[in-house]
Amino acid sequence: MQKEHWTDEQFLERLYGLVEEDAHVRSCPTCQQRWEQLLQRRKQWLHRAPAFPEEWWYEQRQRIFHRLEQKPLVSWVHNWAPSLASVALVILAVVLLRQPTTPPTVAVEEAGFFTEVYTLVESPEPVAVQPIYALFED
Amino acid sequence: MDRAALIDDFDSWVTAEQRRIFLLCYRMLGDRDEADTATQDTFLKAYQALRRADPPEIDDPNKWLTRIAVNTCLDRLRSRTWKFWRNRPTEEDEELILQLTPTAEPNAEDEVFALQIEKRLREALEQLSPNQRAVFTLRHFEDRSLEEIAQLLGMQLGTVKAHMARALARLRELLKDLYWPDRRATGEGGAHAKGALDR
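Heads up: the sequence lines are chains A and B, in that order.
Under this note's numbering, read the first sequence as residues 41 to 178, first letter to last.
Under this note's numbering, read the second sequence as residues 4 to 202, first letter to last.
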């Protein structure tokens with residue numbers, strides 16, 4: 041048989057159903073007394089009841105009965121409205137993000153740029169020579 | 004009680020079970036308004052289920068109602084993670100719910116201490132996961148066996164025990180204050196409780 045008294049932890053675990061009472065608690069007057077005191081104190085706690093005014097309970101019953109009379113669709117919409125709103129937002133965000141971000145003028149600018157580069161590459165003389173030619177022109 | 008009788012006498016059933024269901028919801032959710040809504044939802048779901056073309060098998064209507072209430076609260080607790088804007092309990096709420104009337108007549112000091120513990124317990128429950136909270140609430144406030152809790156929550160007994168063990172580990176000091184208030188005054192750390200040798 042266990043020679044040590046039960047600890048607070050063991051009593052708590054017993055109280056909340058995690059361990060079974062063992063032979064020591066049954067035979068030890070000290071532990072038995074503590075266990076009974078614990079049960080007594082717990083009983084006091086369990087019998088505490090809220091002191092809500094009777095009108096409050098009545099009003100709550102009215103709220104319940106009012107909702108029972110409503111059509112289920114209202115409740116369905118009420119429950120799903122936040123989810124539907126979230127989905128709508130996500131769809132809107134996706135649509136906005138999928139819009140083309142580069143304006144079509146960029147393609148024209150790119151075409152001009154490549155034409156210019158092509159002209160430079162094809163020209164046998166460097167561009168810097170052109171101002172010198174200009175000096176000899178009439 | 005059969006299904007037809009429950010529907011016919013639904014008003015009386017609401018009146019009889021309303022306080023128990025509200026208290027259960029309040030203890031799980033820790034907020035009066037949320038508990039109020041959850042209580043309404045519970046009865047609404049029960050009523051709609053009873054009126055369905057394929058109604059559920061109900062052996063024990065009160066246990067069935069408890070299961071609906073617990074699941075409703077669990078859904079709310081799980082969705083809470085995303086509710087950053089959730090209102091904290093107001094002072095008015097605190098006062099109202101703290102007006103608890105014990106059946107015995109304790110002295111004023113005991114009563115003040117009891118209110119403090121209630122408040123601390125509610126705050127501590129906020130720190131538990133939804134499942135730990137459900138398991139602990141059903142045991143602590145409703146005094147249900149772990150087997151019954153497993154049945155109510157649709158869990159294995161071992162899972163319920165694991166949730167309870169974790170909840171107890173987090174609430175241990177608070178529960179010691181609750182059950183051994185004399186230690187408060189003496190500052191005794193529980194020398195006896197630490198496992199003194201049986202002499």
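We treat Cβ as the ideally placed atom computed from N, Cα and C, and that holds for glycine.
- request: Report buried or exposed for W120/A, applying the criterion of at least 16 other Cβ atoms within 10 angstroms of its Cβ.
  value: Translated into positions along the first sequence, residue 120/A becomes position 80. Exposed is the call here.
query: Where do the N-terminal and C-terminal ends of the alpha helix (DSSP H) with S15/B fall, by residue?
result: Here residue 15/B refers to the residue found at position 12 of the second sequence. From DSSP, the alpha helix (DSSP H) with S15/B extends over 13-32.
message: On the CB-based measure, 16 or more other CB atoms within 10 Å of its CB, does L86/A come out buried or exposed?
response: Counting from one through the first sequence, the residue named residue 86/A turns up at place 46. Exposed, by the Cβ-count rule.
- request: Please list the partners that V17/B has in chain A, where partner means a Cβ-to-Cβ separation under 7 Å.
  value: In the second sequence, residue 17/B corresponds to position 14, counting from 1. Chain A residues near V17/B: R101, I104.
message: Please return the same chain residues whose Cβ sits closer than 8 Å to the Cβ of T140/B, not counting the five positions on each side in sequence.
response: On the second sequence, position 137 is the one that residue 140/B refers to. Excluding sequence neighbours, T140/B sits near L27, R30, M31, L128.
task: Look at the alpha carbon of N65/B and the alpha carbon of E20/B, and state the distance between them as a whole number of angstroms.
output: Walking along the second sequence from the start, residue 65/B turns up at place 62. Walking along the second sequence from the start, residue 20/B turns up at place 17. Whole-angstrom Cα-Cα distance: 8 Å.
field: Enclosing alpha helix (DSSP H) for E165/A [first to last residue]
entry: Counting from 1 along the first sequence, the entry for residue 165/A is found at position 125. From DSSP, E165/A is part of no alpha helix (DSSP H); its letter is neither H nor E.
query: Which of helix, strand or coil does DSSP assign to D57/B?
result: Here residue 57/B refers to the residue found at position 54 when the second sequence is read from its first residue. Correct three-state label for D57/B: coil.
query: Which chain B residues are close to W120/A, counting only those with a beta carbon under 9 Å from its beta carbon?
result: Here the question's residue 120/A lines up with position 80 in the first sequence. What W120/A touches in chain B: nothing, since even the nearest Cβ is about 13 Å away.
- request: Taking R169/B as the reference, give the member of E44/A, L52/A, W46/A with the closest Cα.
  value: Start at 1 with the first residue of the second sequence, and residue 169/B comes out as number 166. The residue among E44/A, L52/A, W46/A with its C-alpha nearest the C-alpha of R169/B is L52/A.
query: How about Q100/A and T42/B: are their beta carbons less than 9 Å apart?
result: For the purposes of this step, residue 100/A is identified with residue 60 of the first sequence, where counting begins at 1. For the purposes of this step, residue 42/B is identified with residue 39 of the second sequence, where counting begins at 1. In contact: Q100/A and T42/B (Cβ atoms closer than 9 Å).
- request: Note the first and the last residue of the continuous alpha helix (DSSP H) segment covering C71/A.
  value: Residue numbering aside, residue 71/A sits at position 31 when the first sequence is read from its first letter. From DSSP, the alpha helix (DSSP H) with C71/A extends over 69-86.
field: Cβ shell of R123/B (< 7 Å), same chain only, five flanking positions each side left out
entry: For the purposes of this step, residue 123/B is taken as the residue at position 120 of the second sequence. Only L177 meet the Cβ criterion.
task: Put Y158/A into one of helix, strand or coil per three-state DSSP.
output: Stepping through the first sequence from its first residue, residue 158/A is reached at position 118. Helix at Y158/A.
message: Using a Cβ-Cβ cutoff of 8 Å, what residues of the stretch 122-136 of chain A are near chain B? List them in chain order.
response: none
- prompt: Among the residues of its own chain, which have a CB less than 6 Å from the CB of C239/B, if the five just before and after it don't count?
  reply: An answer regarding residue 239/B cannot be provided, because it is not within the stretch 4 to 202 covered by chain B.
task: For chain B, find out if any of its Cβ atoms is closer than 9 Å to the Cβ of R54/A; answer yes or no.
output: As a working note, residue 54/A is residue 14 in the first sequence. No, its Cβ sits nowhere closer than 9 Å to a Cβ of chain B.
message: Check whether the stretch 73-88 of chain A and the stretch 47-62 of chain A touch, using three or more Cβ-Cβ pairs below 8 Å as the test.
response: yes
field: chain A residues whose Cβ lies nearer than 8 Å to that of D39/B
entry: Locating residue 39/B in the second sequence gives position 36, where the first residue counts as 1. Per Cβ cutoff of 8 Å: Q100, R103.
- prompt: Name the residues in the stretch 9-35 of chain B whose C-beta lies less than 9 Å from a C-beta of chain A; which are they?
  reply: Per Cβ criterion, the list reads F13, D14, V17, T18, Q21, R22, F25, L26, Y29.
message: Rounded to the nearest angstrom, what separates E165/A and A151/A at their Cα positions?
response: Counted from its first residue, the first sequence places residue 165/A at position 125. Counted from its first residue, the first sequence places residue 151/A at position 111. Answer to the nearest angstrom: the Cα atoms are 23 Å apart.
query: Does the Cβ of I152/B lie closer than 8 Å to at least one heavy atom of the ligand SAH?
result: Inclusion of the ligand SAH in the displayed structure is not the case, the ligand content being empty and no account of it being possible.
Cut-off 7 Å between Cβ atoms - residues of its own chain near T104/B, not counting five sequence neighbours on either side: As a working mapping, residue 104/B is identified with position 101 in the second sequence. Because T104/B carries a pLDDT of 48, less than 50, the predicted location of this residue cannot be relied on, and the following value inherits that uncertainty. Excluding positions up to five away in sequence, the list is empty.
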